[in-house]
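Student:
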Amino acid sequence: MKNWKKNAALFLSGQALSIFGSLVVQHAIGWHIVLKSQSGSLMTLYVLAAFLPMFLISPFGGIWADRFNRKHLINLADGSIALTSLVVAVLLIFGFDHYGILLFCSGVRALGQGIQMPAVGAFIPQIVPAQQLTRVNGLQSAIQSFSTLTAPLLAGALLSIAPLEILFFLDVSTAALSIGILCFGVKTPRQSQVKTPVQHSAFGYFSDLKAGWQYIGKHAFVFELIVLSAIFTFCLAPASFLTPLQTARNFGSEVWRLSVIEITFSAGMLLGGIFISVWGGFKRKTATMALSCAVFGGLTIGLGLAGNFPLYVAFMTVLGLVVPLYNTPVMVLLQTNVEAAYMGRVMSVFLMLGSALMPMSMLIFGPLADTIKIDFLLIGTGLVMALLAIPYLASKKLRAAG
């Protein structure tokens, strides 16, 4: 692939800008809800709004990623999210500061992400040689983590001195830059354009969906990977969404505490992304995934047992470091084993499960968080995640795939 390094660098840079703006708004919305309501039920509604639309649209997003120009899809999704941010910013200026508007905004943004994410996952192997995918995906994780690290800093600073709508305008600006870079900077090799076997089928979208699920059913390693990832994702919800609420209840509701746990977690992810990009993981990617499950589960248990804020922050930092050690080999296993014609649809299945399981699990864990201590939820889910290391090591089909 000619000039793949330049294309990859520009693409990752543009996506980093887009992610940065989105994360600023995401933190602003989440913190606004947490600090004003301190309600587990309202946080559940927020998670539903942020994931359920993604679940509904992601199967079609995967089909579109296999059918159409992926660059155009990514830009269309990015532009739609930016337009939503602009509309909400204007509404906030005129005094329409209601939870319903923020939840609606989260839902529309989730629709855009459900289109964008399968296209991004399928686009990377289109411009990057197969032998470089682990390093590029690790680098992508590091760049995203840097955005995740700096976004809460800026979000916290701006929320303390400026109205909420300023953060939405920032999202619009970063999206415009990202779209420009992808449009005019990234060149897609002509030979990498993919035509799916069912692209012109008269049965349309449902035929495409069926073909994608049939592909997964015929490839056992993909099916097993989906099942294990689904269990991991379900158990991940308390650590992902209830830790800000746990922090507010256990240690104090100051904004700086929420900023600290977000920043340290993101700093850990940044280091983990750099580490996996340089190291490349074990020869067998399933061994790397098993190790990350065991460590991640143990650290989640630690969050439930931590009796003081410094120890809690230390656990969050190492927890962030482990995340790329799981996500990167999962992505590379798919990108190196799934046929290009089905890449978008398989990616969309992973996205669909993630976007469905998170709100489903929060329907359980969110209300529970209002009746029992979040500490106990973290201990229980952490134990399950740690035990997932066993099937990752024992599965012959997963080991054969890499």
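With the first letter of the sequence shown counted as 1, position 226 gets the number 1527 in my numbering; the numbers rise by one all the way through.
From the three backbone atoms N, C-alpha and C, an ideal C-beta is built for every residue, glycine too.
Since this is a predicted model, take the numbers as computed values, not measurements.
Assess, as a yes-or-no matter, whether the stretch 1567-1581 is touched by the stretch 1620-1629 under the definition of 3 or more beta carbon pairs within less than 8 Å.
Tutor: Touching, per the Cβ criterion.
Student: So, is Leu1612 buried or exposed, given that buried needs 16 or more other C-beta atoms within 10 angstroms?
Tutor: Stepping through the sequence shown from its first residue, residue 1612 is reached at position 311. The residue is exposed, with fewer than 16 neighbouring Cβ atoms inside 10 Å.
Student: DSSP three-state call for Phe1255: helix, strand or coil?
Tutor: This structure gives no information on residue 1255, because the portion of the chain shown stretches from 1302 to 1703.
Student: Could you pull out every residue in the same chain whose Cβ sits closer than 8 Å to the Cβ of Val1556, ignoring the five residues on either side in sequence?
Tutor: Here residue 1556 refers to the residue found at position 255 of the sequence shown. The residues are Trp1332, Leu1336, Gly1457, Leu1460, Ser1461.
Student: For Leu1403 and Ile1330, which I take to be in contact (beta-carbon distance under 8 Å), what is that distance rounded to the nearest angstrom?
Tutor: Taking the first residue of the sequence shown as position 1, residue 1403 is located at position 102. Taking the first residue of the sequence shown as position 1, residue 1330 is located at position 29. Sure, about 5 Å apart at Cβ, within 8 Å.
Student: Using only the alpha-carbon positions, how far apart do His1501 and Gln1433 sit?
Tutor: Translated into positions along the sequence shown, residue 1501 becomes position 200. Translated into positions along the sequence shown, residue 1433 becomes position 132. With a pLDDT of 48 at His1501, under the threshold of 50, the predicted position of this residue should be treated as unreliable, though the coordinate-derived value follows. Rounded to the nearest angstrom, the two C-alpha atoms are 32 Å apart.
Student: Three or more C-beta pairs under 8 Å: does that hold for the stretch 1442-1455 against the stretch 1548-1555?
Tutor: With the cut-off at 8 Å, the stretch 1442-1455 and the stretch 1548-1555 do not touch.
Student: In chain order, what residues of the same chain have a beta carbon less than 6 Å from the beta carbon of Gln1494, not counting five sequence neighbours either side?
Tutor: Translated into the one-based positions of the sequence shown, residue 1494 becomes position 193. Any answer about Gln1494 is weak, because its pLDDT of 43 lies below 50 and its placement is not dependable; what the coordinates show is given next. Answer for Gln1494: no residue qualifies.
Student: Using the rule of at least 16 other Cβ atoms within 10 Å of the residue's Cβ for burial, across every protein chain shown, is Ser1662 buried or exposed?
Tutor: Position 361 of the sequence shown, counting from 1, holds the residue named residue 1662. Flag for Ser1662 reads buried.
Student: Quick test of the definition: if touching needs 3 or more C-beta pairs under 8 Å, does the stretch 1469-1480 touch the stretch 1589-1608?
Tutor: Touching, no, given that fewer than three Cβ pairs across the two stretches are closer than 8 Å.
Student: Once the 5 residues before and after Val1348 are set aside, which same chain residues still bring their CB inside 8 Å of it?
Tutor: As a working note, residue 1348 is residue 47 in the sequence shown. For Val1348, where only same-chain residues beyond five positions count, the Cβ hits under 8 Å are Ala1538, Phe1542, Met1659, Pro1660, Met1663, Gly1667.
Student: Please state if the CB of Arg1368 and the CB of Phe1295 are separated by a distance shorter than 8 Å.
Tutor: Look at the range of the chain in this structure, 1302 to 1703, and you will see that residue 1295 is not part of it.
Student: Residue range of the alpha helix (DSSP H) that Asn1376 falls in?
Tutor: Reading the sequence shown from its first residue, position 75 is the one you call residue 1376. Looking at the DSSP string, the run of the alpha helix (DSSP H) that includes Asn1376 is 1371-1394.
Student: Taking 7 Å as the limit between beta carbons, can you name the residues of its chain near Pro1419, skipping five residues before and five after?
Tutor: Counted from its first residue, the sequence shown places residue 1419 at position 118. The residues are Ser1359, Gly1362, Gly1363, Ala1366, Gly1645, Met1648, Ser1649, Leu1652.
Student: Return the CA-CA distance between Thr1489 and Asp1671, expressed in angstroms with no decimal places.
Tutor: As a first step, residue 1489 is located in the sequence shown; it is residue number 188 there, counting from the start. As a first step, residue 1671 is located in the sequence shown; it is residue number 370 there, counting from the start. Going from the Cα of Thr1489 to the Cα of Asp1671 covers about 50 Å.
Student: Answer yes or no: do Phe1533 and Val1326 have a C-beta to C-beta separation smaller than 8 Å?
Tutor: Position 232 of the sequence shown holds residue 1533. Position 25 of the sequence shown holds residue 1326. It is not a contact, given that the beta carbons lie outside the stated cut-off.
Student: Specify, as a first and last residue, the run of the alpha helix (DSSP H) that Ser1578 falls within.
Tutor: Position 277 of the sequence shown, counting from 1, holds the residue named residue 1578. Looking at the DSSP string, the run of the alpha helix (DSSP H) that includes Ser1578 is 1556-1580.
Student: Among the residues of its own chain, which have a CB less than 7 Å from the CB of Ala1503, if the five just before and after it don't count?
Tutor: Position 202 of the sequence shown, counted from the start, is the residue given in the question as residue 1503. Note that Ala1503 has pLDDT 39, beneath the 50 cutoff, so the model's placement of it is unreliable and no number is given.
Student: Going straight from the alpha carbon of Gly1598 to that of Phe1395, what length do you get?
Tutor: Within the sequence shown, residue 1598 is the residue found at index 297, counting from 1. Within the sequence shown, residue 1395 is the residue found at index 94, counting from 1. Answer to the nearest angstrom: the Cα atoms are 46 Å apart.
Student: Considering Cα atoms alone, identify which of Thr1565, Pro1692, Ala1310, Cys1594 is closest to Pro1453.
Tutor: Taking the sequence shown and counting its residues from 1, the one referred to as residue 1453 is at position 152. Of Thr1565, Pro1692, Ala1310, Cys1594, the residue nearest in Cα terms is Thr1565.
Student: Give the range of the alpha helix (DSSP H) segment to which Pro1539 is assigned.
Tutor: Counting from 1 along the sequence shown, the entry for residue 1539 is found at position 238. Here Pro1539 belongs to no alpha helix (DSSP H), and DSSP marks it neither H nor E.
Student: Should Cys1594 be labelled buried (16 or more other beta-carbon atoms within 10 Å of its own) or exposed?
Tutor: As a working note, residue 1594 is residue 293 in the sequence shown. So Cys1594 counts as buried.
Student: Measure from the alpha carbon of Gly1681 to the alpha carbon of each residue in Leu1634, Leu1311, Leu1600, then state which is nearest.
Tutor: Locating residue 1681 in the sequence shown gives position 380, counting from the first residue. Cα-wise, what sits closest to Gly1681 is Leu1600.
Student: Hey, how far is the Cα of Leu1440 from the Cα of Val1631?
Tutor: For the purposes of this step, residue 1440 is taken as the residue at position 139 of the sequence shown. For the purposes of this step, residue 1631 is taken as the residue at position 330 of the sequence shown. For Leu1440 and Val1631, the distance between alpha carbons rounds to 15 Å.
Student: Note down the Cα distance separating Gly1413 from Met1355, rounded to an integer number of angstroms.
Tutor: Along the sequence shown, read from residue 1 onward, the residue named residue 1413 stands at position 112. Along the sequence shown, read from residue 1 onward, the residue named residue 1355 stands at position 54. If I take the Cα positions, the gap works out to 8 Å.
Student: For the alpha helix (DSSP H) that Leu1324 lies in, which residues bound it at each end?
Tutor: Walking along the sequence shown from the start, residue 1324 turns up at place 23. Segment 1305-1338, the alpha helix (DSSP H) holding Leu1324.
Student: First and last residue of the alpha helix (DSSP H) that includes Val1585?
Tutor: The count along the sequence shown starts at 1 and reaches residue 1585 at position 284. Note on identity: in this sequence residue 1585 is Arg, with Val being the wrong assignment. Per DSSP, Arg1585 belongs to no alpha helix (DSSP H) and is neither H nor E.
Student: Report, in whole angstroms, the separation of the C-beta atoms of Ala1765 and Gln1417, which I expect to be a contact under 8 Å.
Tutor: It is not possible to answer for residue 1765, since the shown part of the chain is limited to 1302 through 1703.
Student: Of all the options Gly1380, Leu1546, Val1561, Ala1540, which has the alpha carbon lying nearest to the alpha carbon of Gly1714?
Tutor: No statement about residue 1714 is possible, as the shown extent of the chain runs from 1302 to 1703 and does not include it.
Student: Which same chain residues end up closer than 6 Å to Ile1382 when comparing Cβ atoms and leaving out the 5 residues on each side of it in sequence?
Tutor: Counted from its first residue, the sequence shown places residue 1382 at position 81. Correct list, in chain order: Arg1410, Gly1413.
Student: Under 7 Å: does the beta carbon of Ser1578 sit that close to some heavy atom of the ligand ATP?
Tutor: The ligand ATP is absent from the structure shown, which contains no ligands of any kind.
Student: Considering only the beta carbon of each residue, do Gly1582 and Leu1471 sit closer than 8 Å?
Tutor: Locating residue 1582 in the sequence shown gives position 281, where the first residue counts as 1. Locating residue 1471 in the sequence shown gives position 170, where the first residue counts as 1. Not in contact: Gly1582 and Leu1471 (Cβ atoms no closer than 8 Å).
Student: My output table needs one value for Leu1689: the three-state DSSP class, helix, strand or coil.
Tutor: Walking along the sequence shown from the start, residue 1689 turns up at place 388. Three-state result, Leu1689: coil.
Student: Measure from the alpha carbon of Lys1697 to the alpha carbon of each residue in Asp1398, Gly1315, Thr1587, Thr1435, then state which is nearest.
Tutor: Residue 1697 sits at position 396 when you count from the first residue of the sequence shown. Of Asp1398, Gly1315, Thr1587, Thr1435, the residue nearest in Cα terms is Thr1587.
Student: Taking only the alpha-carbon atoms, compute the straight-line gap between Val1499 and Ser1508 and give it to the nearest angstrom.
Tutor: Walking along the sequence shown from the start, residue 1499 turns up at place 198. Walking along the sequence shown from the start, residue 1508 turns up at place 207. Note that Val1499 has pLDDT 47, beneath the 50 cutoff, so the model's placement of it is unreliable and no number is given.
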